[in-house]
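Undergrad:
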Amino acid sequence: MLSRTIETSQGRLAFLESSGSGTPVVFIHGNSTCRDVFRHQFETTLAATQRIIAIDLPGHGQSDDALDPQKAYTIPGYAATLIEALRSLNITRAALVGWSLGGHVSLEMIGQGFDAAGAMIIGAPPIKRGILGMVRGFQAQLDLLLATKSALNARDISRFARACVGEKHAAQLHDTIARTDRRARQILGRGLRSGLGVDQRWVVENLPTPIAVVNGSGEPFARLDYVAGISYAALWDHRCHIIDGVGHAPFLEAPERFNPLLLRFLGDIHCSRIDGTTQPQIRSVA
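Going by the UniProt record's numbering, the letters in the sequence shown line up with residues 1 to 286, in that order.
Below is the structure:
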């Protein structure tokens, strides 16, 4: 495994990369976390056979705080910075695995024209733009408000960590949440309310990109009935997957059940794209 950095217009981004080959698999973490949440996926045979990359978003983990926070700390801003970073690494096509905020960023990247071989979204309901889209896609609960609060005290951090990854793993997130640029959460919240970015529901209902949907049965933020009720254009396995007994981060809480799904999805999308077809450009939906 290699830990590296790359320069972007928003500062240095830190990322972890395996030595595998083939179509890259890019892991995108959630709000106020970092690449380390995907450690169990880097411990699989996938890392030995496939080029997998996990990037710290601007203002998170070991990446720099954004040079232009108002632009960078929105879903479109994160997506644009990641596309820029991947192109600097000579990656123009990849499979995307996005958790929570990372799932929304993955759909935004597709909406901005990135050639995604497929996308697995976890804890990320594909929402329409604006407040109404948020209300329909997310549960109304207090812990969700912490995701858009600028300053978090120690109690807030503990509560948010438990909501994100469960009691067992919460302590491992405390320093990561505390490190996050406090401007990032507040700017993200404003952007979501104002409707910045693509219509994510339109993306999954109209584009042929294979979409895998995986959630825990105890998902605290996304409305699972809403997620299941979407008419996906290319839903992998023809169903949304639910992993019993876990919450917002099934890849961390139950990797022994999540990883086989991930490996099967990546195998299926590899086979489905051998014809060399390309992803259509859809900048008009932004």
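Just so it is clear, CB atoms sit at the ideal spot from N, CA and C, and this is done for glycine as well. None of these values were measured; they are calculated from a predicted model.
According to DSSP, which residues form a beta bridge with T5?
TA: Paired residues: A14.
Undergrad: Could you pull the start and end residues of the beta strand (DSSP E) that L146 belongs to?
TA: First-last for L146: undefined, no H or E at that position.
Undergrad: P250 and I122 look like a contact to me (Cβ under 8 Å); what is the Cβ gap, rounded to whole Å?
TA: Sure, about 7 Å apart at Cβ, within 8 Å.
Undergrad: Whole angstroms is fine: what's the gap from G130's alpha carbon to G197's?
TA: Cα to Cα, G130 sits roughly 10 Å from G197.
Undergrad: For G123, name the three-state secondary structure that DSSP assigns.
TA: Coil at G123, not helix or strand.
Undergrad: Are there 16 or more other CB atoms within 10 angstroms of the CB of M109, so buried, or fewer, so exposed?
TA: M109 is buried by the Cβ-count criterion.
Undergrad: Would you mind giving the Cβ-Cβ distance between I211 and A234, rounded to the nearest angstrom? I have them listed as a contact below 8 Å.
TA: Sure, about 6 Å apart at Cβ, within 8 Å.
Undergrad: Give the DSSP-derived three-state secondary structure of P208 in the structure shown.
TA: Three-state DSSP puts P208 in coil, outside helix and strand.
Undergrad: With DSSP as the reference, identify every bridge partner of N215, one or two as the case may be.
TA: Beta-bridge pairing links N215 to I242.
Undergrad: Report yes if the CB atom of I28 is closer than 7 Å to the CB atom of G98, and no otherwise.
TA: A contact, by the Cβ cut-off of 7 Å.
Undergrad: Using only CA atoms, which one of I157, H248, L224 and V25 lies nearest to Q50?
TA: The residue with the shortest Cα to Cα distance from Q50 is V25.
Undergrad: In angstroms with no decimal places, state the Cα-to-Cα distance between G133 and S32.
TA: Rounded to whole angstroms, G133 to S32 spans 22 Å at the Cα level.
Undergrad: Does I274 come out as helix, strand or coil in the three-state DSSP assignment?
TA: Only weak support is given to the placement of I274: the predicted model assigns it a pLDDT of 34, under 50, and the question is left unresolved by the model.
Undergrad: Go to Q70, then tell me how far its beta strand (DSSP E) extends in each direction, as first and last residue.
TA: That residue, Q70, is in no beta strand (DSSP E); its alpha helix (DSSP H) goes P69 to A72.
Undergrad: Short of 7 Å in beta carbon distance, which residues of its chain neighbour I187, apart from the five on each side in sequence? Order them along the chain.
TA: Only P69, Q70, Y73 and T74 meet the Cβ criterion.
Undergrad: Do the CB positions of A82 and V203 come within less than 7 Å of each other?
TA: It is worth fixing the name first, because residue 82 is Leu in this sequence and not Ala. No, the pair does not count as a contact, with Cβ atoms beyond the cut-off.
Undergrad: Counting only the same chain and skipping the five closest in sequence on each side, list residues whose C-beta sits under 7 Å from that of H241.
TA: Taken in chain order, the residues that qualify are V213, V214 and L261.
Undergrad: Give me, in chain order, the residues of the same chain whose beta-carbon lies closer than 7 Å to that of R185; leave out the 5 immediate sequence neighbours on both sides.
TA: The residues are N31, S32, A147, T148, K149 and S150.
Undergrad: By Cβ distance, which residues of its chain are closer than 7 Å to residue 290, with the 5 residues on each side in sequence left out?
TA: Residue coverage of the chain in this structure runs from 1 to 286, which leaves residue 290 outside it and unanswerable.
Undergrad: For A47, tell me which candidate among G245, S19 and D237 has the shortest Cα-Cα distance.
TA: It is S19 whose Cα lies nearest to the Cα of A47.
Undergrad: Using DSSP with H/G/I as helix, E/B as strand and the rest coil, what is R182?
TA: Looking at R182 - three-state DSSP - the assignment turns out to be helix.
Undergrad: Taking all protein chains shown into account, do 16 or more other C-beta atoms lie within 10 angstroms of the C-beta of D175, making it buried, or fewer, making it exposed?
TA: With fewer than 16 Cβ atoms within 10 Å of its Cβ, D175 is classed as exposed.
Undergrad: At which residues does the beta strand (DSSP E) containing V26 begin and terminate?
TA: Element bounds for V26: S21 to I28.
Undergrad: Given a threshold of 16 other Cβ atoms within 10 Å of its Cβ, counted over all protein chains shown, does E43 qualify as buried or as exposed?
TA: E43 is exposed by the Cβ-count criterion.
Undergrad: Report buried or exposed for L142, applying the criterion of at least 16 other Cβ atoms within 10 angstroms of its Cβ.
TA: Looking at its Cβ environment, which holds fewer than 16 other Cβ atoms inside 10 Å, L142 is exposed.
Undergrad: Using the C-alpha atoms, what's the distance from E219 back to G245?
TA: Straight-line Cα distance between these residues: approximately 10 Å.
Undergrad: With 16 other CB atoms within 10 Å as the buried threshold, where does A116 fall?
TA: So A116 ends up on the buried side.
Undergrad: If you drop the 5 nearest sequence neighbours on each side, which residues of the same chain put their C-beta closer than 7 Å to that of T209?
TA: Hits under 7 Å: I110, A116, G118, A119, A234 and Q279.
Undergrad: At the level of alpha carbons, what is the spacing between L61 and L86?
TA: With the sequence shown as reference, residue 61 is identified as Gly, and Leu is not the correct amino acid for it. Taking the straight line joining both Cα atoms gives about 18 Å.
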